[in-house]
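Chemist:
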Amino acid sequence: MKKIKMLLLLAVAVIVASCGKQQGPSPMSMIPEDAAMVMSVNMKSLIDKSGIEVKDGQVIFPDSYSSLLQNLSASDKGELDGLAESGVDFEGRAYLFVNSSDFQVGLIVPIKDKEAFKGYVEKVDESTMTADGEEYYKCVDGRMVQLISDYYFGVFEMKGTSDEATCKAVMSGTLEKPISTKKSAVKALDGGNDIMAWINYEGLMSMASGSSMSAAAMLQGGMLASVINSVDGVSGTLDFNKKSIDLVAKTIYKEGTDVIANFEQIYGKASAEGLKFIPNDVEAVMSLTMNGENILKINEISNLLLQYKDNAMLSRDELRDYIAGIDGPVTIGMNYSSLIYNKYSVPAIYGAIKNKNCEKIFAKVESLLRGMGFPVMKNGDEIVVNFRDASSVAVGCKDGFLYFRTSGAPVTKSMYDDSQAREIMESASCGLYVPVKDGSSVQRILTTLDPALKISGYASACSSTEESTMSIVVDSPENDNIIITLLSVIAQSQLAK
Numbered sequence: 000m001k002k003i004k005m006l007l008l009l010a011v012a013v014i015v016a017s018c019g020k021q022q023g024p025s026p027m028s029m030i031p032e033d034a035a036m037v038m039s040v041n042m043k044s045l046i047d048k049s050g051i052e053v054k055d056g057q058v059i060f061p062d063s064y065s066s067l068l069q070n071l072s073a074s075d076k077g078e079l080d081g082l083a084e085s086g087v088d089f090e091g092r093a094y095l096f097v098n099s100s101d102f103q104v105g106l107i108v109p110i111k112d113k114e115a116f117k118g119y120v121e122k123v124d125e126s127t128m129t130a131d132g133e134e135y136y137k138c139v140d141g142r143m144v145q146l147i148s149d150y151y152f153g154v155f156e157m158k159g160t161s162d163e164a165t166c167k168a169v170m171s172g173t174l175e176k177p178i179s180t181k182k183s184a185v186k187a188l189d190g191g192n193d194i195m196a197w198i199n200y201e202g203l204m205s206m207a208s209g210s211s212m213s214a215a216a217m218l219q220g221g222m223l224a225s226v227i228n229s230v231d232g233v234s235g236t237l238d239f240n241k242k243s244i245d246l247v248a249k250t251i252y253k254e255g256t257d258v259i260a261n262f263e264q265i266y267g268k269a270s271a272e273g274l275k276f277i278p279n280d281v282e283a284v285m286s287l288t289m290n291g292e293n294i295l296k297i298n299e300i301s302n303l304l305l306q307y308k309d310n311a312m313l314s315r316d317e318l319r320d321y322i323a324g325i326d327g328p329v330t331i332g333m334n335y336s337s338l339i340y341n342k343y344s345v346p347a348i349y350g351a352i353k354n355k356n357c358e359k360i361f362a363k364v365e366s367l368l369r370g371m372g373f374p375v376m377k378n379g380d381e382i383v384v385n386f387r388d389a390s391s392v393a394v395g396c397k398d399g400f401l402y403f404r405t406s407g408a409p410v411t412k413s414m415y416d417d418s419q420a421r422e423i424m425e426s427a428s429c430g431l432y433v434p435v436k437d438g439s440s441v442q443r444i445l446t447t448l449d450p451a452l453k454i455s456g457y458a459s460a461c462s463s464t465e466e467s468t469m470s471i472v473v474d475s476p477e478n479d480n481i482i483i484t485l486l487s488v489i490a491q492s493q494l495a496k
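Per numbering that gives the first Met the number 0: the sequence shown = residues 0 to 496.
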């Protein structure tokens, strides 16, 4: 519990630090090259956006956060206030890395007063740090090693037995293979974003191979193996803005690879047309624009089709013809709250596929349903099957789209009229939109969990082979920054209890 409390307090220290000029070894020389993930935090940006101040030897929180702190004991409050004079370098920058060959995890926090920080650690951790020469103070507990140098505090969990020499190599910036030798990682961790991250593909595979599910084998095999194995790493940025949390992830490929140029051919021009078949009250909608003829050119797809055996329902040639006909958006919408709120076993699902062979596929589906004895009713451009449990399925063909829905009721007001949804789908070949509107089922679920969670907004995501973006937008309530909005909501929740 003492270690956990110490790490929690360090997390607060990280939040109230800033990104000024850092003394001592360069952090890029202190991080192992083979770390699976590294994260860098722009602390001045976060502190400015959160409204927290470090002033006159105190950590000052806005009044709106008071309920968050009301359950702290007097000693906890004293330790929190003590952060202001703890010796942490609030003009520095913190780094977290995980899963290298030697470390499970490492946290590096800059300090400016070695003696003050030693006293603070000993008070919070209720332990004694011993001198190790003139350079370090240390505390070793099993595989957990804590070191204080003139410029940094390091907390390390080793994979094997504690190795103080390796930890000291980190603290002094004398690692044999630091991440500074990896240009793509250095670039990913250098910038003005609130949070920056680097994920090392080889390190990730190493971490996955140690799991019980053999995740590495699953990622390295199958249709996407040629794409995945060409990845060098992934860089990511996270920013907190007035109304949104914005995430951008970029895939960095190994030099000389051409697999992406081939893979990109399966994507078509971004389009929102599929939204016309999705009702405007769905709780999530995703659309992927594809080129079926190019899908068939992928070796893995061709090999799968060669293994497909003809049957009375669908021949191999028909299946190939139907895939080749895809020429536009494949759009799916659903209402998932019914699974939670009303405990229904089947959610409402809507789908539409732009296909040159739309009429041929529709005729095939109708023939199969009638041949299987289902009560099929013709209704204009579509057929409807009503089941004994009062559920229905509709299938239709219109404007070059094959569409379906798990409801007999036609779509009268579509998601195409939602300007936000349309903008998302028209901006990338792959898009996701998850609205939380006032009075919606999703909002009712949130307020059932906690009345303070009466928020409205949406989540969105767009993706390509090289870059993916995601935004979480809170339209209401609204403050100067989304960090304050979220913490205020949590504060209101605490007050209600």
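Beta carbons: idealized from backbone N, C-alpha and C, even for Gly.
Taking 8 Å as the threshold, find out whether the stretch 346-358 comes into contact with the stretch 265-278 through three or more Cβ pairs.
Modeler: Verdict: yes, contact present.
Chemist: Can you name the start and end residues of the alpha helix (DSSP H) that Thr165 belongs to?
Modeler: Locating residue 165 in the sequence shown gives position 166, where the first residue counts as 1. Per DSSP, Thr165 belongs to the alpha helix (DSSP H) from 163-171.
Chemist: Flag this pair as touching only if the stretch 322-335 and the stretch 278-286 have three or more C-beta atom pairs under 8 Å; answer yes or no.
Modeler: At 8 Å Cβ cutoff, the stretches touch.
Chemist: Taking just the CA atoms, how far does Val375 sit from Ser406?
Modeler: Working through the sequence shown from its first residue, we reach residue 406 at position 407. Working through the sequence shown from its first residue, we reach residue 375 at position 376. Computed Cα separation, rounded: 14 Å.
Chemist: Helix, strand or coil: how does DSSP classify Tyr64 here?
Modeler: Translated into the one-based positions of the sequence shown, residue 64 becomes position 65. Tyr64 falls in the helix class under three-state DSSP.
Chemist: Could you tell me the alpha carbon to alpha carbon distance between Pro109 and Phe152, rounded to whole angstroms?
Modeler: Here residue 109 refers to the residue found at position 110 of the sequence shown. Here residue 152 refers to the residue found at position 153 of the sequence shown. When rounded, the distance between both Cα atoms is 6 Å.
Chemist: Tell me the DSSP bridge mates of Gln145?
Modeler: Residue numbering aside, residue 145 sits at position 146 when the sequence shown is read from its first letter. Partner(s): Cys138, Val154.
Chemist: Would you grab the beta carbon distance between Ile498 and Asp231 for me? Rounded to a whole angstrom, and I think it's under 8 Å.
Modeler: Residue coverage of the chain in this structure runs from 0 to 496, which leaves residue 498 outside it and unanswerable.
Chemist: Determine the extent of the alpha helix (DSSP H) in which Thr446 is found, giving its start and end residues.
Modeler: Within the sequence shown, residue 446 is the residue found at index 447, counting from 1. Start and end: 440-448.
Chemist: Considering only C-alpha positions, which residue in the set Ser467, Tyr94, Glu121, Leu367 is nearest to Leu246?
Modeler: Walking along the sequence shown from the start, residue 246 turns up at place 247. For Leu246, the nearest C-alpha among the options comes from Ser467.
Chemist: Once you ignore the five residues that flank Val383 on each side, which residues in its own chain have a CB closer than 7 Å to its CB?
Modeler: In the sequence shown, residue 383 corresponds to position 384, counting from 1. Closer than 7 Å at Cβ, skipping near neighbours: Met376, Ser391, Ala393, Gly407.
Chemist: If you check the beta carbons only, do Leu237 and Asp189 fall under 7 Å apart?
Modeler: By 1-based counting over the sequence shown, the position of residue 237 is 238. By 1-based counting over the sequence shown, the position of residue 189 is 190. Contact flag unset, no.
Chemist: Ignore the nearest five residues each way along the sequence and tell me which others in Thr129's own chain have a CB closer than 8 Å to its CB.
Modeler: Taking the sequence shown and counting its residues from 1, one reaches residue 129 at position 130. Excluding sequence neighbours, Thr129 sits near Tyr136, Lys137, Cys138.
Chemist: Could you name the residues of the same chain whose beta carbon sits closer than 6 Å to that of Val488, not counting the 5 residues immediately before and after it, in chain order?
Modeler: Here residue 488 refers to the residue found at position 489 when the sequence shown is read from its first residue. Excluding positions up to five away in sequence, the list reads Ala451.
Chemist: From the DSSP output, which residues share a beta bridge with Asn199?
Modeler: To locate residue 199, count along the sequence shown from 1; it is residue 200. BP columns for Asn199 point to Gly232.
Chemist: Kindly indicate the opening and closing residues of the alpha helix (DSSP H) around Arg369.
Modeler: One-based indexing of the sequence shown puts residue 369 at position 370. Looking at the DSSP string, the run of the alpha helix (DSSP H) that includes Arg369 is 357-370.
Chemist: Could you check what DSSP says for Glu381 in three-state terms: helix, strand or coil?
Modeler: For the purposes of this step, residue 381 is taken as residue 382 along the sequence shown, with counting starting at 1. Glu381 falls in the strand class under three-state DSSP.
Chemist: Can you tell me where the beta strand (DSSP E) holding Ile277 begins and where it ends?
Modeler: Taking the sequence shown and counting its residues from 1, the one referred to as residue 277 is at position 278. It is not in any beta strand (DSSP E) - Ile277 carries neither H nor E in the DSSP assignment.
Chemist: Under the three-state reduction of DSSP, which class applies to Ala460: helix, strand or coil?
Modeler: Taking the first residue of the sequence shown as 1, we reach residue 460 at position 461. Strand at Ala460.
Chemist: Could you tell me which of Gly191, Ala83, Ser183 sits nearest to Val233, measuring between CA atoms?
Modeler: Taking the first residue of the sequence shown as 1, we reach residue 233 at position 234. Measuring from the Cα of Val233, the nearest candidate turns out to be Ser183.
Chemist: Tell me the DSSP bridge mates of Tyr321?
Modeler: Position 322 of the sequence shown holds residue 321. Tyr321 pairs with nothing; no bridge assigned.
Chemist: Can Ile147 and Lys117 be called in contact, C-beta distance under 7 Å?
Modeler: Indexing the sequence shown from 1 puts residue 147 at position 148. Indexing the sequence shown from 1 puts residue 117 at position 118. In this structure, Lys117 lies closer than 7 Å to Ile147 by Cβ.
Chemist: Per DSSP, what are the beta-bridge partners of Tyr252 in this structure?
Modeler: What you label residue 252 is simply residue 253 of the sequence shown in a count that begins at 1. BP columns for Tyr252 point to Val230.
Chemist: Touching or not, the stretch 422-430 and the stretch 307-326, by the rule of three or more beta carbon pairs under 8 Å?
Modeler: They do not touch, by the three-pair rule.
Chemist: Hey, Val473 and Ile454 are a contact pair by Cβ (cut 8 Å); roughly how many whole angstroms apart?
Modeler: The residue given as residue 473 occupies position 474 in the sequence shown. The residue given as residue 454 occupies position 455 in the sequence shown. With 8 Å as the limit, Val473 and Ile454 qualify as a contact, their Cβ atoms being about 6 Å apart.
Chemist: I'd like to check one pair, Leu95 with Leu106: are the Cβ atoms closer than 7 Å?
Modeler: Start at 1 with the first residue of the sequence shown, and residue 106 comes out as number 107. Start at 1 with the first residue of the sequence shown, and residue 95 comes out as number 96. The answer is yes: Cβ separation under 7 Å.
Chemist: Out of curiosity, what's the CA-to-CA distance linking Cys166 and Lys111?
Modeler: Within the sequence shown, residue 166 is the residue found at index 167, counting from 1. Within the sequence shown, residue 111 is the residue found at index 112, counting from 1. Near 20 Å, if we compare the C-alpha coordinates of Lys111 and Cys166.
Chemist: Round the Cβ separation of Cys89 and Val37 to the nearest angstrom and send it over; I've been treating them as touching at under 8 Å.
Modeler: By one-based count along the sequence shown, residue 89 stands at place 90. By one-based count along the sequence shown, residue 37 stands at place 38. Residue identity check: residue 89 is Phe in the sequence provided, not Cys. 22 Å between Cβ atoms; not a contact.
Chemist: Flag Val40 as yes when its Cβ comes closer than 6 Å to any non-hydrogen atom of the ligand PLP, and as no otherwise.
Modeler: With respect to the ligand PLP, the structure offers nothing, as it holds no ligand at all.
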